[in-house]
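Contents: one structure, followed by commentary.
In the working numbering, the protein residues as written are 3 to 167.
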């Protein structure tokens, strides 16, 4: 099993900190968002992967061939250190949620893991639309199956010596 990526790239233990929560976001190519979210205090683990499609064994090649999956970032976070709402604000600030990519691979999407997350997303969308006058095109749906991307995609910028955020 691949190692999880912890706060600032370090493996982390959450013992005594309560249960981490999960956020799943898609905002284009997953390399840069993974790098940026992994650096936020309170983020425990990040993984990049594929979700939203029906292929039971997606790979980078099948996703690039329009199998319906989207490149996404799964973020485990300590809600005592960073809120889901703060993660959502980062999500909306890191891309233009009023535009949708031409194919599923790079679309803007949020997959929710609870009713509270679904409510928070709806509130953030309303705030964004009220503030900007633009209609949000981001897809919002309950989290479904998740498939980790190939290991060479994990912490891609860190491995390549690039700064993603």
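Glycine is no exception: its CB is placed at the ideal position from the N, C-alpha and C atoms.
Between which two residues does the alpha helix (DSSP H) holding residue i run?
i	result
residue 127	117-134
residue 61	Looking at the DSSP string, residue 61 is not in any alpha helix (DSSP H), and its letter there is neither H nor E.
residue 91	86-95
residue 162	158-162
Between residue i and residue j, how many whole angstroms is the CB-CB distance? I'm expecting something under 8 Å.
i	j	result
residue 106	residue 71	7 Å
residue 79	residue 44	5 Å
residue 119	residue 86	6 Å
According to the neighbour-count rule (16 or more other Cβ atoms, all chains shown, within 10 Å of its Cβ), is residue i buried or exposed?
i	result
residue 136	exposed
residue 51	buried
residue 153	exposed
residue 48	buried
residue 161	exposed
residue 128	exposed
In the DSSP assignment, find the beta strand (DSSP E) that holds residue i and state where it starts and stops.
i	result
residue 42	Looking at the DSSP string, residue 42 is not in any beta strand (DSSP E), and its letter there is neither H nor E.
residue 27	23-29
residue 114	110-114
residue 144	141-144
residue 74	72-79
Tell me which same chain residues have a C-beta within less than 6 Å of the C-beta of residue i, skipping the five on either side of it?
i	result
residue 24	78, 115
residue 68	105
residue 145	26, 113, 115
residue 108	30
Skipping 5 residues on each side, what residues in its chain have a beta carbon closer than 8 Å to that of residue i?
i	result
residue 155	32, 33, 50, 62
residue 64	57, 71
residue 149	51, 52, 53, 59, 60, 71
residue 18	For residue 18, the predicted model reports a pLDDT of 46, less than 50, meaning its position is unreliable; a value from the coordinates is still stated below. No residues qualify anywhere along the chain.
residue 94	126, 130
Residue i to residue j, Cα distance in whole Å?
i	j	result
residue 75	residue 133	26 Å
residue 147	residue 163	31 Å
residue 100	residue 21	33 Å
residue 143	residue 90	15 Å
residue 88	residue 121	14 Å
residue 151	residue 73	8 Å
residue 110	residue 66	16 Å
residue 46	residue 140	25 Å
Spatial neighbours of residue i within its chain, please: C-beta separation below 7 Å, excluding the five flanking residues on both sides.
i	result
residue 98	none
residue 83	43, 44
residue 35	27, 29, 75, 96
residue 81	23
residue 138	99, 100, 127, 130, 131
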